[in-house]
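What follows is one structure encoded as structure tokens, with my remarks underneath.
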């Protein structure tokens, strides 16, 4: 496990790549908390690394509130459908 506060972006990516490989995932849904400086700093590198590996990625930006779950559900369903078509 990693924490974006104490671990560097490369370690986060390595752990994520290991999980994708171990689980046989066809894509990654990355939950990004808005206005979280430690996540904001590492996000561009993480996206670049995942794209270089050719792994489909959906970045879901959210706040701590859960008032917009219907919109998130739609985005995640669309991402899953796009993976099923590959």
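In my numbering, the protein residues as written are 24 to 109.
Ideal Cβ positions, reconstructed from N, Cα and C, are used throughout, including at glycine.
- Residues 85 of the same chain have their beta carbon placed closer than 8 Å to that of residue 91, with the five preceding and five following residues left out of the count.
- For residue 78, the secondary structure class from DSSP, reduced to helix, strand or coil, is coil.
- Here residue 35 is buried: its Cβ has 16 or more other Cβ atoms, across all protein chains shown, within 10 Å.
- The beta carbon of residue 81 lies closer than 8 Å to those of 50, 51, 52, 53, 98, 99, 102 in the same chain, with the five residues before and after it left out.
- Every unbroken stretch of the alpha helix (DSSP H) spanning 4 or more residues and falling wholly within the stretch 51 to 76 is given here in chain order: 60 to 75.
- A residue is called buried once 16 or more other Cβ atoms fall within 10 Å of its Cβ, and residue 63, having fewer, is exposed.
- About 12 Å separates the CB atoms of residue 76 and residue 42; that is not less than 8 Å, and the two are not in contact.
- By the CB criterion at 8 Å, residue 67 and residue 106 fall outside the cutoff.
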